[in-house]
Structure formats: C-alpha cells, structure tokens
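Colleague:
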Amino acid sequence: MSDLSRYLFLAGALPFIVLGAIHAIETPTRPEQAKGLSPRDPEYRQGMSQQTLQLTRRTNLWLTWVGFNLSHSLGAVLFGGAVLLAGRSTAAFQANGPFVPFAVLVSAAYLAIGALYWFRTPIVGIALSLACFVASWLLRMRAG
C-alpha cells in the first residue's frame, strides 16, 4: 500500500484540527466579549442573553450560541483526531480501511454545509481536507 495514501489521509486531518481549535478560541463565552464569532453589536450580544428559546426557558440564546460553537469545535477536532489515530501507522491505516471513505463522506458533508452557511476560510480548509481524503482513497484503491 502506498505510503503517500496514508500521508494524504493524515494531512486531511490537519484542517479539521486547526480550524476546530481556532473556532473554539474565537468563541466568546460572555456577551461582553467581542471575539471573532460574536455578533458585532454589543447590544445584540446582550439581548441574546435575555432571550429564552421556544423549546425551553431554562437557557437563553447566548448560552445556546456558545454551546453550539464549542460543541462544533469539539466535533471538528475529534474528527481530525480520529483520522490521526486511524492513520497513525501503516498497520493501523491498513486495518482501518473503511475509515477512508467515511472521512470522504464526513468532509464532503462539512463542505456542503460550509458552502451554504459559512465563510471562505473554513470552506477552503475543508475543501483541502476533502481533496486529501479523496486522493488517499483513490491511491488506496489503485494499490489494491
């Protein structure tokens, strides 16, 4: 089996880990914080903390916003980490063959969501990841 296939697979993990970590760092935890993923308007941020959801009054829009962003970050980092574990050695990569098409599927889903809802930086990062996973899969299939 091609070492290049494994290296491309491992490279595909990096955008998810890096972007997921940056996403967590840029998530504000208090309405007073003006960080990358907070609304620009301070009054709007404060208003988010005063609005409850239709689903429940036990939380507010601000807390759900923070929770969504942090859990989204965690998911991206954990996916990248799982890819690193699956490809950590030649033996692990061979044993975890079904994980390669799974990585293609997951990154394609992230790319589709990103194209609809996000901005350029994560779209480019995920597209690079998807390209690495697809190339890894093609090389793996060619090797037989």
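Those letters in the sequence shown? Residues 855 to 998, per the working numbering, in order. All residues carry an ideal CB built from backbone N, CA and C; glycine is no exception. All values reported here derive from a predicted model rather than from experimental measurement.
1) Determine the direct distance from the alpha carbon of Val-920 to that of Asp-895, and round the result to whole angstroms.
2) Indicate the three-state DSSP secondary structure (helix, strand or coil) for Thr-881 in the structure shown.
3) Out of Arg-899, Gly-929 and Leu-932, state which residue places its alpha-carbon closest to the alpha-carbon of Pro-916.
4) Nearest to Ile-977 by CA position, among Ala-985, Leu-984 and Gly-968, is which residue?
5) Keeping to the same chain, check which residues put their C-beta closer than 8 Å to that of Ile-980; ignore five residues upstream and five downstream.
6) Determine the contact status of Val-988 and Val-958, defining contact as a CB-CB distance below 7 Å.
7) Are there 16 or more other CB atoms within 10 angstroms of the CB of Pro-952, so buried, or fewer, so exposed?
Modeller: Walking through what the data contain:
1) 16 Å
2) coil
3) Residue identity differs from the one stated: residue 916 is Trp in this sequence, not Pro. Comparing Cα positions, the closest option is Arg-899.
4) Out of Ala-985, Leu-984 and Gly-968, Gly-968 has the C-alpha closest to the C-alpha of Ile-977.
5) Pro-869, Phe-870, Leu-873, Ser-961, Tyr-964, Leu-965 and Gly-968
6) yes
7) exposed
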